[in-house]
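Heads up: the structure comes next, in structure tokens.
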Amino acid sequence: MTALSVRGLSVSYDGAPAVVDADLDVGDGRVLAVLGPSGSGKSTLLRAVAGLEPAGGRVWWHDDDLSRTPTHRRGFALMFQDGQLFPQLSVGRNVAYPLRLRRTPRAAAAARVAELLELVGLSGFADRLPTTLSGGERQRVALARALAAAPRLLLLDEPLSALDAGLRQRLAEDLRRILVESGTTSLMVTHDHEEAFAVADDLAVMRAGRIVQSGPIAEVWRAPADPETALFLGYARVVEGDAAAKLLAAAGLPDAPALAVRRSALSVADDGVVSGEVVDVRTTPGQLRLVCRTDLGMLDAVASLDLRLAAGDPVRLRLEPARMAPLPGGSGHAEGALD
Amino acid sequence: MTQTPPMTQTRRFATLAATAVVPLAVLGVFFVLPVSGMVGRGFVQEGHLDIGGVLDVLRRPEIQRAVWFTVWTSTVATLVAGALGLPAAYVLHRLAIPGRTWFRAVLVIPFVLPTVVVGVAFELVIGVNGPLGFLGVDGSPIAIVAGLVFFNTAVVIRIVGGAWESLDPRPAEAAAALGASPRHVLRDVTLPALRPAIVSASTVVFLFCATAFGIVLTLGGLRYSSVETQIYLLTTNLLDLQAAAALSVLQLLVVTLLLVAAARARRTPDATVARSRARLRRPGPGDVPALLATAVLLVLVVLPLASLVVASLRVDGTWSLANYRALQTPGSHQALLVPASDAVANSMRIAVDATWMSLLLGLAVAAVVTRRSRTAPERQVRGALDGLFMLPLGVSAVTLGFGFLITLGRPPLDLRDSPLLIPVAQALVALPLVVRVLVPVLSGIDDRLRQAAATLGASPFRALLVVDLPVMFKPLLAAAGFAFACSLGEFGATSFLVRDDRPTLPVVIYRLIGHPGDLNYGMALAGSVVLGATTAAVMLVVERLRVPSVGSF
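Chains as they are written, first to last, in the numbering used here: chain A, 1 to 339; chain B, 1 to 553.
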């Protein structure tokens, strides 16, 4: 059942539109990620849902219209990119802050704080000051504090972006676990598709202030709405026209004007149906990343590390239809298009 | 690589000393020498040090009364100025109100208004026939407190408003998103974040209140006396230098302590507080109390000024410019030796001289203080210099003026007839204000910009031209205007040094009030309007320059 619905939400700064006519739905207990490049208006959208930006349009929670409700009465907690812990309060008092606002009895509050700190893996940190914590620990405290508000909706503004890569991955898994365990309905914005895939159930793609596509994550992933969306979702290249038709035919897929291809959709194999020549090789820990000139144009491919390929080598490439996505129309300006 | 070679370090100290030597010499000759001369007079009795005698002074009942009066009026005035200034700081620096810059300018005018002008204006409002005459506070301590509040609310608005403006809005938003109501956000997030600014503002306001001279003298007369007016009384009327010195030293100690406290609050290092300018918010229903408080404050500020202008234009119950025409005369009953218009010209000349002096000194001090220190001792030296040049802010202008008279008025340094004596004294009074405008701007310039210019081949002078000058141009203009306005209205030190045949306008106004006759009083009103309008006009221009550090201490 739909918990949060946003209809026709618009925000502009001094006449310049930041969010245009956005519609969103988040189901009860589900996590929706709004994915968009920086400057796409996704953070503004989140802030407008929280009631921190004056916005046009409607924000509903079940049957309540919250469009005119001030932030502190919406029951939505917002977790900032950099946590925004209160520097003068200890970790424990930061987490207890929403409980104190609700006049929770001292003993109950202490128990809840301990429980939340354990949930985020920070038992025993209650007396530390935020300045003594690492970035990852701070985000965990911020999460615990947001959950302490028992929000009906948790808003997460790029919760992991300020962290380094390894930590980000680990924390993304923890975040997913915590949100699922606590059954918290959440709306997250991020520019990192890996992060979105790791945490969310549903995905909305935002570009230039507009929501261009939304739906369950697997569906959006399988059928991006347009070439730009495909590239933003992590597809390596979009091929169009003749080349797209030939690739689709070779992969046994129905015809389409354009085709988004992941790097791993083509792999070097002796029985491959596409033949070409290696132009560029890059070694990564798991595989070789190739750029090949084929009779279908330039294409990305992967190969096993022990193949020891070099530029100029002839190769045959096998297709993996599940790693390709037919697109409804070529926009002509997708940056990965055929040379 | 990290070890600075001793040669370079010596050279750095040499450069530091070279930049600091001129302002230090000026401060030494024109501040330390007069003040210590004045204080020394009191401590040395009949050729030997008499500390016991000085301490005895502090036991005298009238001295203790003056100390107590100073403490309680300053405390009450600081609290009231804070209560009036905080809402106005919020409204004028955080809300999108039409005419916001004008209101800000109007509210900052009192701070530079000459004390005698304010004294005259207050008499008009709370006097028996004034619009607030029914309150019956004329001649009471309440009038003095009101005068102090009138001057210093601007300080609270400037300091706290500046901090509020650059306050990161996100912690407040985080609290709101956790369910904190606006009242809770104010209590739990905003006020703690503003605490350094509030402490700093309170300290400075208390300092100004405790050393106020002209306003206490004009509104309190001889019935109520603060430490500052008591020093004046003891030196000029009673010639009791020992007692005056004792009070001066006491004042100097307290002032130094307050300045150290203010500097501490200002420098509270908090790396986690990110500075970003929040967008102004449209006022909502929750802002009504703050808006009302600001409106009341505006009325309280405008009322005395408007009364002054109206009264200056009324002669014998009709509208007339006669009072202004009379400024070309020396008044009746031999009030003045020269026409008041001469004093206007004289004031302008002195103010111009004082302005360039305080600007040059202020620039040198700001440059010394803001250069990045490489070593801990260097940083301490620079910090100490910063504090040292703030001292004139709080030292009794009376002590300074009288010290000038007794140390610089005889060989080896006889400057009594030098036309630069008064400008020097006024420049010293304005110096801390100039330094406080320039230092935040200079220290805000990223040193890496200069380094970038250097790596692109710019000489240090060229880098100064490209990096510093464009940023410093407007603050320099603003500081000049600020210094000019302060110098124009300076009364305490000037009243000691001025010669009757070459008076300044504030001194003329004070003298006209003291002489009987409607013409003299009318001239005092007209002179006050001229003086007030000039300083106000200068401050309006300064305000249009939008230099945020103007009026932050």
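A virtual CB, placed ideally from N, CA and C, is assigned to each residue, including glycine.
- Item | Continuous alpha helix (DSSP H) assignments of at least 4 residues falling wholly in the stretch 21-56 of chain B | For the stretch 21-56 of chain B, whole alpha helix (DSSP H) runs of length 4 or above, ordered along the chain, are 33-43.
- Item | Within chain A, the residues that residue 171 of chain B reaches when beta carbons sit closer than 8 Å | 84 and 86
- Could you give the DSSP three-state label for residue 54 of chain A: helix, strand or coil? coil
- Query: Taking Cβ-Cβ distances shorter than 7 Å, what residues in chain D pair up with residue 192 of chain B?
  - Reply: The structure shown contains no chain D; its protein chains are A and B.
- Could you give the DSSP three-state label for residue 13 of chain A: helix, strand or coil? strand
- Report yes or no: do the stretch 141-152 of chain A and the stretch 79-95 of chain A share at least 3 C-beta pairs separated by less than 8 Å? yes
- Alpha carbon to alpha carbon, how far is residue 153 of chain B from residue 539 of chain B? Give it in angstroms, no decimals. Roughly 16 Å between the two C-alpha positions.
- Message: Going by the DSSP bridge assignment, what does residue 514 of chain B pair with across the sheet?
- Response: Paired residue(s): none; residue 514 of chain B is not in a bridge.
- Quick one: is the Cβ of residue 509 of chain B within less than 8 Å of any heavy atom of the ligand GDP? This structure lacks the ligand GDP, and indeed carries no ligand of any kind.
- Interface residues of the stretch 156-182 of chain B facing chain A [CB-CB below 8 Å]: Cβ contacts with chain A: 170, 171, 173, 174, 175, 176, 177, 178, 179, 180, 181 and 182.
- Determine, using beta carbons only, whether residue 501 of chain B comes closer than 9 Å to chain A. no
- Query: Quick one, which of B/400, B/163 and B/202 has its alpha-carbon nearest residue 190 of chain B's?
  - Reply: Ranking the options by Cα distance to residue 190 of chain B, first place goes to B/163.
- Item | Bridge partners - residue 26 of chain A, DSSP secondary structure assignment | According to DSSP, which records beta bridges pairwise, residue 26 of chain A is partnered with A/4.
- Query: Looking only at C-alpha atoms, which of A/283, A/316, A/284 and A/234 sits nearest to residue 269 of chain A?
  - Reply: Minimum Cα distance to residue 269 of chain A is reached at A/316.
- Can you tell me where the alpha helix (DSSP H) with residue 405 of chain B in it begins and where it stops? 397-408
- Could you tell me which uninterrupted alpha helix (DSSP H) segments, each at least 4 residues in length, are contained entirely in the stretch 94-170 of chain B, listed from first to last along the chain? 100-112, 115-126 and 141-165
- Is DSSP giving residue 498 of chain B helix, strand or coil here? coil
- CA nearest to the CA of residue 65 of chain B, picked from B/227, B/502 and B/527: B/227
- Same chain only: Cβ atoms within 7 Å of residue 443 of chain B, ignoring 5 sequence neighbours per side: Only residues of its own chain outside the window of five on either side were considered, and among them 370 have a CB closer than 7 Å to the CB of residue 443 of chain B, listed in chain order.
- Query: Quick one: what's got a C-beta closer than 7 Å to residue 200 of chain A's C-beta in the same chain, skipping five residues either side?
  - Reply: 31, 32, 33, 188 and 217
- Proximal chain A residues relative to residue 614 of chain B, where beta-carbon distance stays under 7 Å: A question about residue 614 of chain B goes unanswered here, because the residues of chain B that appear run from 1 up to 553.
- If we cut at 9 Å on Cβ distances, does residue 625 of chain B have a partner in chain A? Nothing about residue 625 of chain B can be read from this structure; chain B reaches only from 1 to 553.
- Query: Do we get a CB-CB distance below 9 Å when we pair residue 282 of chain B with the residues of chain A?
  - Reply: yes
- For residue 314 of chain A, which residues does DSSP report across the bridge? Partner residues in the beta bridge of residue 314 of chain A, as assigned by DSSP, are A/277.
- Which partner residues does residue 132 of chain A have in the DSSP bridge list? Answer is none; residue 132 of chain A lacks a bridge partner.
- Query: With C-beta atoms as the reference, is residue 222 of chain A less than 9 Å away from residue 198 of chain A?
  - Reply: no
- Query: Which chain A residues are close to residue 189 of chain B, counting only those with a beta carbon under 9 Å from its beta carbon?
  - Reply: 86
- Within-9 Å CB hit, residue 106 of chain A to chain B: no
- Query: Mind pulling the chain B residues with CB within less than 7 Å of residue 98 of chain A?
  - Reply: Within chain B, the residues whose beta carbon sits less than 7 Å from that of residue 98 of chain A are 178 and 179, listed in sequence order.
- Query: Contact between the stretch 350-365 of chain B and the stretch 507-514 of chain B: three or more CB pairs below 8 Å?
  - Reply: no
- CB contact below 9 Å: residue 279 of chain B versus chain A: yes
- Message: If I measure Cβ to Cβ from residue 30 of chain B and keep anything under 8 Å in the same chain, skipping five residues before and after, which residues do I get?
- Response: 404, 408, 424, 425 and 428
- Beta-carbon proximity list for residue 308 of chain B, same chain, < 8 Å, skipping 5 on both sides: Result list for residue 308 of chain B: 117, 120, 121, 124, 525, 528, 529 and 532, in chain order.
- For the stretch 186-204 of chain A, which residues have a beta carbon sitting closer than 9 Å to at least one beta carbon of chain B? none
- Query: Quick one: what's got a C-beta closer than 7 Å to residue 203 of chain B's C-beta in the same chain, skipping five residues either side?
  - Reply: Excluding positions up to five away in sequence, the list reads 258, 261, 262 and 265.
- Name, in chain order, the residues that DSSP records as bridge partners for residue 281 of chain B. B/95
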